[in-house]
Every structure is written in structure tokens, then in C-alpha cells.
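Trainee:
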Amino acid sequence: MKLAFLIYAWFPHGGQQRDMLRLARECRARGHGVTVYAMAWHGTEPEDLRLRLIPARGLSRLGRYRSYTALLEQELAREPADLVLGFNKMPLLDAYFAADSCFAEKALRQRGAWYRLSPRFRHLRDYEQAVFGPASDTVSLLLSERQREEYLRHYPGCADRVHLLPPGLSADRKAARRDAAARQACREELGLGTNEKLLLQVGSGFRIKGVDRSLRALASLPDEVRENCRYLLIGRGRAAGPRRLARRLGVARRVHILPGRDDIDHFYQAADLLLHPAWSESAGHVLLEALAAGLPVLTTASCGYAVHVSKAGAGEVCGEPFAQRELNRRLGDMLGQLGSAPWSENGLRYGREEELAKMPEAAVDVLEQLGARLKP
């Protein structure tokens, strides 16, 4: 089968981008051909994939998206594919890998009425309807039950076109135990004192990941607790905003920001707690990675994979609607229980379950079934 993978942009360390590579390699392992069409590719181009860069043009991001779509339509007419899989919502798709949460849900719950008059709203609404709306035949691969509920709430007619995938925890993120040597080495690299607690947050897109919530929770801690904590943010995003907020809250000395890295597993070992109070997250691979590494997790119910934190007993989940006061309280409570609560052991045990790693295989199974139906 000849597949076309469509993605706006690829950059290292993004969850959507990592999932795309894993699916492409699973497809190739089964003998399928894959061509990736992207507007931009940041980082080393993989030698085992065929990459086509699409020279989209436009004065705005939305203009570039529309240009990308139009140019792709021409490319796919010249070089047809047996199946077109998108990693962003757009027309032209036979299948969509739902790395993003439901736009209609976010527009309703997180934006004011004025937003629905904007060109951005109309564009994103139209592109989401091209995938989930009543006129669409696109099959969607969803990552969490929460995501499925949101899409069906706004697009009830798509129920027979959505498939819920198992999680996709990479084998190299599983740990048999906490690695004391790796922990010590990384903590020395960061200049951490023996008794300092390291609060880790990992993710691209600092606003949607709730970095502002994390900084306010850090600032809310009693002085003697806060002065014994460090907050480390690792990921792709604009650091100026978090730095300004940290200064305003009086915690700038306790805050450090690093760009995305390939050795993130070392930081899971060095940290004492993963803090991930995202505003909205379709899945949240970092939650699975952290608990499987034995790192206790504090997150929000708005993350699709927060359910695994609860099932594993590997940390705490703030309820909905979100309340900053609850996050502040839970952070203080967890810091006080790190030496006695079984969160780490529970996460290590849960992370060994085989079902947590089957996403690429399950996704390609669905693509193969769909490809067989699409054959003329």
C-alpha cells in the first residue's frame, strides 16, 4: 500500500511528531510505502522516510494552511496515494490521527462568544468539520476515551468512523526501578542540593500545558517548602512569558527553563515530581512516561491519559472545572508525602503492562483495513 502522511510541521520532541514517525516506521516494517508531506521539517531528516516539503505561502498561519491544502491537492493528483493519513485536521484525508483535542469543545468552553466571529474560528471549524462532519467519510484514530466523548458530543454522526487506540508508551521509557546513579549524575549536572525537591514539567506549547498554573502553585508553597524546591521546564515554547510571570510571583530563582532534549529519561530519574496541569491535552504521553519511570505525577483531568495516573495510583489528578487552589493544595500535600506514598512503586508496576505500548500496531491495523476497503 502507498501511503501519504500529511503534517504541517515536524520538530524534535513533539508528541504528535514522534507518533508520526512511529506509525511511518510500523508501516514500512509491514512493507508499505510512506511519503511524508510537510510545510516545514526542523531537525535531521530521517533516512528511512521519503520526505516532500510543500512550499506553502501566506501572510498568516491560516493563509499558509490553506496554501498547503491547495498545493497538496495538486501533489496528490499528480502522485496518487492508496491512503492519505493526516496528523492535522484538514480536507483531503482518508484517515486522521487525532493528536489534537476537539476544537469545537475548546471554542465552547475556553473562549468567549466574540471568538466565534473570528476568521481563525471559521477556518478551524471548517477544517474540523472536513474530518468529523456529516459530509465526511474520514476515519479517525483517537488516543483517549475523553477525546472520543468530546468529538461525539459535537459530531454524533461520526460514531462509526472513530477508533480508540491503546496508549503508545515507547519501550525505552519503561524502567525496572528508579536509577540511583542516573539520578545522582543528573542532579549534580543541575546543581541540586541533596535535600532539594525537583519539580519537572515537560512539553511543547507552554501556555496550553499550564505552565502558568505550575508557577502559581510553586509560588503558593510555604516559604520553607518553596525554598527547598526547584522547578525545571523542558520543551519547545516561548520562555519570555514564563520568565516574566516567575519574576512577578517572586520565584524566578527557583525556575529553570531548557529547550527540548533527547535524554529526557535522565530528568525523570532526577526529578521528585512531574507537574503537568495542562489546560487541554488529548492524551499526554509524558504522563505515561513519567509514571513508567517511577516518577510521581500531579496533573489535571483535562488530560486524556490522566486516567492512567488514577488507575495506577501513581499520583494525583485535579478535578474539573480546574481550580488553582486545588492544584496548590495537592502540590503541597504531595511534597509532604513523597517519602511515604507508594506512587513510585505503583507507577513502575503499571508501566510494565504490555497494553501500554501497542498504539502503532493497532493504528496500522486500522489503516490496513481501511486501505482494503478503499481499493477500487
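For what it's worth, the numbering used here labels the leading residue of the sequence shown as 1, then goes sequentially.
Beta carbons: idealized from backbone N, C-alpha and C, even for Gly.
Go ahead and pull the three-state DSSP assignment for glycine 315.
Mentor: Strand, per DSSP.
Trainee: Run through DSSP, which three-state label would methionine 39 get?
Mentor: Strand.
Trainee: If you reduce the DSSP assignment to three classes, tell me which class cysteine 186 lands in.
Mentor: Helix at cysteine 186.
Trainee: What span of residues does the alpha helix (DSSP H) with lysine 106 cover, start to end?
Mentor: First-last of the alpha helix (DSSP H) with lysine 106: 103–110.
Trainee: Quick check: what's the CA-CA separation for aspartate 263 versus alanine 135?
Mentor: Roughly 44 angstroms separates the two Cα atoms.
Trainee: Among all the DSSP beta bridges, which residues are the ones paired with glycine 332?
Mentor: Per DSSP, none; premise fails for glycine 332.
Trainee: Looking only at C-alpha atoms, which of Asp265, Lys2, Glu189 sits nearest to alanine 81?
Mentor: Alanine 81 has its Cα closest to that of Lys2, out of Asp265, Lys2, Glu189.
Trainee: What three-state label does DSSP hand valine 251 in the structure shown?
Mentor: It is coil, neither helix nor strand.
Trainee: Under the three-state reduction of DSSP, which class applies to serine 310: helix, strand or coil?
Mentor: Serine 310 falls in the helix class under three-state DSSP.
Trainee: Could you give the distance in angstroms between the alpha-carbon of glutamate 224 and the alpha-carbon of arginine 66?
Mentor: The alpha-carbon atoms of glutamate 224 and arginine 66 are separated by roughly 53 angstroms.
Trainee: In terms of residue numbering, what span does the alpha helix (DSSP H) encompassing cysteine 27 cover?
Mentor: Cysteine 27 -> alpha helix (DSSP H) spans 15–29.
Trainee: Find out if the Cβ-Cβ distance for the pair tyrosine 305, leucine 288 is shorter than 8 angstroms.
Mentor: In contact: tyrosine 305 and leucine 288 (Cβ atoms closer than 8 angstroms).
Trainee: How about glycine 339 and serine 204: do their beta carbons lie closer than 8 angstroms?
Mentor: Not closer than 8 angstroms, so no.
Trainee: State yes or no: is the beta carbon of valine 202 nearer than 8 angstroms to at least one beta carbon in chain C?
Mentor: Protein chain content of the structure displayed is limited to a single chain, and chain C is not contained in it.
Trainee: Within 10 angstroms of its Cβ, does alanine 181 collect 16 or more other Cβ (buried), or is it exposed?
Mentor: Looking at its Cβ environment, which holds fewer than 16 other Cβ atoms inside 10 Å, alanine 181 is exposed.
Trainee: Mapping DSSP to helix, strand and coil, what is alanine 99?
Mentor: Reduced to three states, the DSSP call for alanine 99 is coil.
Trainee: Write down the C-beta distance between threonine 138 and alanine 95 rounded to the nearest angstrom, noting that I regard them as a contact closer than 8 angstroms.
Mentor: About 7 angstroms separates the two Cβ atoms, so the contact holds.
Trainee: Whole angstroms is fine: what's the gap from glycine 191's alpha carbon to leucine 370's?
Mentor: Glycine 191 and leucine 370: Cα-Cα distance of roughly 52 angstroms.
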